[in-house]
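J.: Mind having a look at this structure? Questions to follow.
Below is the structure:
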């Protein structure tokens with residue numbers, strides 16, 4: 053009888069952990085969506101529109117491409133601070 057109680061506890065604990073992991077995943081997904089939404093608003097503010105299309109100015113593309121190609125450790129402190137705020 054005692055071993056059955058331990059098995060049930062283990063299963064209950066596993067279910068609780070899975071539920072908590074799902075809650076954390078949903079929280080992180082919501083935060084990621086908010087981050088993405090802010091980025092898209094910023095991106096669109098830098099673009100100009102052509103009949104339901106957005107054009108990214110070349111200088112913005114060059115700036116962001118440089119950031120894409122730069123490892124975090126080699127970014128400027130200003131750029132790191134921007135990433136830290138998002139994190």
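Numbering (the numbering used here), first residue to last: 53 to 139.
Glycine included, each C-beta is placed from N, C-alpha and C at the ideal position.
1. Measuring CA to CA, which of 127, 106, 104 and 87 is closest to residue 115?
2. With a CB to CB cut of under 8 angstroms and the five nearest residues on each side skipped, what residues in its chain are close to residue 107?
3. Per DSSP, what kind of secondary structure is residue 79 in: helix, strand or coil?
4. Spell out the partners DSSP gives residue 107 in its beta bridges.
5. Identify the continuous alpha helix (DSSP H) that holds residue 126 and give its terminal residues.
6. Can you find the residues in the same chain that come closer than 8 angstroms, C-beta to C-beta, to residue 109, ignoring five residues on each side of it along the sequence?
7. Who are the Cβ neighbours of residue 96 in its own chain at under 8 angstroms, not counting the five residues just before and after it?
T.: Concretely, from the data shown:
1. Counting from 1 along the chain shown, the entry for residue 115 is found at position 63. It is 127 whose Cα lies nearest to the Cα of residue 115.
2. Residue 107 sits at position 55 when you count from the first residue of the chain shown. Excluding residues within five positions, the ones whose Cβ falls inside 8 angstroms are 99, 100 and 101.
3. For this step, residue 79 is matched to residue 27 along the chain shown. The three-state secondary structure of residue 79, taken from DSSP, is helix.
4. Counted from its first residue, the chain shown places residue 107 at position 55. Answer by DSSP bridge pairing, in chain order: 100.
5. Numbered from its first residue, the chain shown carries residue 126 at position 74. Premise fails: residue 126 is in no alpha helix (DSSP H) and is neither H nor E.
6. Walking along the chain shown from the start, residue 109 turns up at place 57. Closer than 8 angstroms at Cβ, skipping near neighbours: 98, 99 and 100.
7. For the purposes of this step, residue 96 is taken as the residue at position 44 of the chain shown. Hits under 8 angstroms: 106.
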